[in-house]
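See structure below.
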Amino acid sequence: MERYRTIKQKVSAEQMIERSRFIAHACPVSSREEAEAFIARIRAEYRDATHNVPAMVIGEKQQIQWGSDDGEPQGTSGAPMVQLMVAEGLTNLVVVVTRYFGGVKLGTGGLVRAYTGSARKAIEAAGICRVCDICRFRVRVDYPFFERIRKKADDVLTDREGSFAVVDTEYGEKVTMTLLIREEYGGHLKQMLTNLTAGRGEILETEIVQRPMD
Numbered sequence: 766m767e768r769y770r771t772i773k774q775k776v777s778a779e780q781m782i783e784r785s786r787f788i789a790h791a792c793p794v795s796s797r798e799e800a801e802a803f804i805a806r807i808r809a810e811y812r813d814a815t816h817n818v819p820a821m822v823i824g825e826k827q828q829i830q831w832g833s834d835d836g837e838p839q840g841t842s843g844a845p846m847v848q849l850m851v852a853e854g855l856t857n858l859v860v861v862v863t864r865y866f867g868g869v870k871l872g873t874g875g876l877v878r879a880y881t882g883s884a885r886k887a888i889e890a891a892g893i894c895r896v897c898d899i900c901r902f903r904v905r906v907d908y909p910f911f912e913r914i915r916k917k918a919d920d921v922l923t924d925r926e927g928s929f930a931v932v933d934t935e936y937g938e939k940v941t942m943t944l945l946i947r948e949e950y951g952g953h954l955k956q957m958l959t960n961l962t963a964g965r966g967e968i969l970e971t972e973i974v975q976r977p978m979d
């Protein structure tokens, strides 16, 4: 099951607008504390900037929505960046847009466009991913069964019904494998293991984890 959408990685993106330099920094996070720590790092790194405007959306249902204008006219920077993330259906991310003022005032509308445009540029550079519930199986099988299972596995986990991936293999007297499959298809994998191993495969452990997917 898909839990939420967020960005894949920490990135920065830069653009010049009317001689002002805008540097957008975006980072996936899992808590407000993590977001605040990222904001503090950016502010320390760009302490000489005119503004470091932060915005965050946190929680599977976007429960935390916060932004600051950091000295820009009220409502022209932080809040529009939050609204952008919410409108895109994104959460568990923080964006900080650093501005070095170039001497030309942009006006209210110009500021909104500059900050949201910079934030969007960073989000697009980071890439969007879905975080889904994934069932992780740890299984032990005889070597002949290992080959059968591996041939049916995908290189990368996909949305296709029954798609699964092998992410870890330990070789010993038998083969111990870690398999990933979408949570809603977990029953399919159990049945497949039973069929391919004639009931002789051992499921050592199962766990539901949250994992990014393209």
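According to my numbering, the stretch in the sequence shown is residues 766 to 979, in order. Glycine included, every Cβ here is placed at the ideal spot set by N, Cα and C. Please read these numbers as outputs of a predicted model, since none were measured by experiment.
Figure out for me which residue from the options has the closest Cα to the Cα of residue i.
i	options	result
Gly875	Val776, Val940, Gly892 and Pro845	Pro845
Glu972	Val932, Asp835, Ile899 and Met978	Ile899
Val896	Asp813, Ile829, Ala805 and Gly824	Gly824
Tyr811	Ala800, Ile829 and Ala789	Ala789
Asn857	Gln828, Leu944 and Val776	Gln828
Arg770	Thr863, Leu855 and Glu889	Leu855
Val822	Val861, Thr815 and Gln839	Val861
Val869	Lys775, Lys773 and Met781	Met781
Gly840	Gly952, Lys955 and Thr873	Thr873
Glu967	Leu871, Val904, Pro838 and Val974	Val904
Ala930	Ile914, Val974 and Thr941	Ile914
Thr863	Gly964, Lys773 and Ala887	Ala887
Pro981	Gln848, Pro977, Val818 and Val851	The structure shown does not extend to residue 981, since the chain is modelled only from 766 to 979, so the question has no answer here.
Lys826	Ala852, Gly836, Ile807 and His816	Ala852
Lys939	Met850, Tyr908 and Phe803	Tyr908
Ser777	Ser883, His816 and Arg901	Ser883
Gln848	Phe911, Gly836, Phe866 and Val877	Val877
His912	His816, Asp924, Thr934 and Ala800	The identity of residue 912 in the sequence shown is Glu, whereas the question assumes His. The residue with the shortest Cα to Cα distance from Glu912 is Thr934.
Asp979	Arg965, Arg925, Gly952 and Ile807	Arg925
Ala802	Ala820, Ser785 and Ala814	Ala820
What's the call for residue i, buried or exposed, on a 16-neighbour Cβ count within 10 Å?
i	result
Met957	buried
Gly832	buried
Tyr880	buried
Asp834	buried
Met942	buried
Thr959	exposed
Leu969	exposed
Val906	buried
Thr962	buried
Gly843	buried
Ala809	exposed
In the DSSP assignment, find the alpha helix (DSSP H) that holds residue i and state where it starts and stops.
i	result
Ser883	Gly872 to Ala891
How would you write the range of the beta strand (DSSP E) that residue i sits in, first residue to last?
i	result
Asn817	His816 to Ile823
Tyr908	Unbroken run through Tyr908 is the alpha helix (DSSP H), Tyr908 to Lys917; no beta strand (DSSP E).
Leu922	Unbroken run through Leu922: none, as it is neither H nor E.
Thr771	Glu767 to Ile772
Gly858	A small correction: the amino acid at residue 858 is Leu; Gly does not occupy that position in the sequence shown. Start and end: Leu858 to Tyr865.
Taking 7 Å as the cut-off, is the beta-carbon of residue i closer than that to any non-hydrogen atom of the ligand NAP?
i	result
Arg878	The model depicted lacks the ligand NAP and carries no ligand whatsoever.
Self-check item: Length-filtered (3 minimum) beta strand (DSSP E) runs lying within the region 937-973
Solution: Listed in chain order, they are 940-947.
Quiz item: Is the number of C-beta pairs between the region 907-921 and the region 795-804 that are closer than 8 Å three or more?
Solution: Result no; under three Cβ-Cβ pairs closer than 8 Å.
Practice problem: Report the residue ranges of all alpha helix (DSSP H) runs contained in full by the region 779-849; include only those spanning at least 4 residues, in chain order. | Solution: If we require 4 residues or more, the alpha helix (DSSP H) runs fully inside the region 779-849 come out as 797-810.
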